[in-house]
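Encoded as structure tokens, the structure appears first; notes follow it.
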Amino acid sequence: MYCVIIILVFLLLLAFFVWASADVGSQVWLKTFCKVDTERKMIALTFDDGPDVMTEKVLDVLERHNAKATFFLIGSKISGREHVVQRMIEGGHAVGNHSWSHSGAFPFYNATKMSDELVRTSDAIERVTGLKPLLFRPPFGVTDPTIGKVVKRLGLKAVGWNIRSLDTIAATPRRNVADKVIGKLTPGGIILLHDRCDEADKLLEMLLNHLDSEGYACVTVDEMLQIDAYE
Ligand SMILES: [Zn+2]
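Below is the structure:
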């Protein structure tokens, strides 16, 4: 009997740990901003994993619609695309830190290695833009006690989402991805998108056509959450 109880407790703890780490909004290991409660029709579009080949096309679409977005940058991808990052700032968009390598092993790094990744990326962004970012999005949306400790120590603000587009599943037609996002829209929502995906610009165009027709304002994460984006 004791054995069964111990196994059950272990399984429950394991399930809790998996949920707390995998759900970016769990708030267990660190506070993450995932949405804001408001009646004002505003949305924060966020793009992860750039700068990449599609980023400039995404910026073109945003500009045409007079929409602002937040880009969570991978530090190692900035070299060679400095002008793209500068264009983000010039266009009134916000940039944040999304780790240096975006390695699958990132959540398992020790605090020193993790901290190095974040500091290196913030330094790269500051070198290019003159701004030291405070916004951070955990790679894969995974959080754990080490990430919590490092983010707190560096004074970063973790940003999650409440509307996941699943745009990285390339096989899904972009129209279906857009419709799914549209079905989940609520004022004060934060949408997760990726500017590294093929047809990221086409998906964005579909979303913005809808957001415009519904009277939504697309604002940066810091503006919506009323937090500082830079030091
Ligand atoms: Zn990512």
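Per the numbering used here, the very first residue in the sequence shown carries number 2; after that it's consecutive. Each residue gets a CB set at the ideal place from its N, CA and C atoms; glycine is no exception.
- Counting C-beta pairs with one atom in each stretch, the region 120 to 134 and the region 8 to 16 have fewer than three that are closer than 8 Å, which means they do not touch.
- Contact annotation: C219 and L46 have beta-carbon atoms nearer than 7 Å.
- Relative to the Cα of T169, the nearest Cα in the group L155, P188 and D196 belongs to D196.
- Non-local beta-carbon contacts of R175 in its own chain, meaning distances under 6 Å to residues more than five positions away in sequence, involve E200, K203 and L204 in chain order.
- Linking I44 to I148 through their CA atoms gives a straight-line distance of about 27 Å.
- Residue pairing by DSSP puts P134 in a beta bridge opposite Y231.
- DSSP places A179 in the uninterrupted alpha helix (DSSP H) bounded by R175 to G184.
- Between the beta-carbon of T221 and that of T71 there is about 5 Å, and that keeps the pair under the 8 Å contact cut.
- Unbroken alpha helix (DSSP H) runs of no fewer than 4 residues, entirely contained in the region 34 to 112, are found at 56 to 65 and 83 to 91, following chain order.
- A straight line joining the alpha-carbon of W20 with that of D53 spans about 31 Å.
- K203 carries a helical assignment under DSSP once its states are collapsed to helix, strand and coil.
- Assigned with DSSP and collapsed to three states, I8 falls in helix.
- Within the model, the alpha-carbon separation for S214 versus V59 is close to 19 Å.
- Approximately 7 Å separates the beta-carbon atoms of V86 and L74; this is inside 8 Å, confirming the contact.
- Between the region 150 to 167 and the region 186 to 194, the count of Cβ pairs shorter than 8 Å is three or higher; the stretches touch.
- Straight-line spacing of the CA atoms in I126 and P140 works out to 17 Å.
- In the structure shown, I126 adopts helical secondary structure according to DSSP, grouped into three states.
- In this structure, ligand 1 has no non-hydrogen atom nearer than 6 Å to the beta-carbon of D196.
- By the Cβ neighbour-count rule, N111 is exposed, with fewer than 16 other Cβ atoms within 10 Å of its own.
- Proximity annotation: ligand 1 has residues D49, D50, H99, H103 and P140 in chain order, each selected because its CB is closer than 6 Å to a heavy atom of the ligand.
- Contact between V37 and G189 is confirmed by a C-beta separation of about 4 Å, below the 8 Å threshold.
- Apart from sequence neighbours up to five positions away, the residues of its chain that approach E232 with a beta-carbon distance below 7 Å are K133 and L135, ordered along the chain.
- DSSP, reduced to helix, strand and coil, places L31 outside both helices and strands of the structure shown, so it counts as coil.
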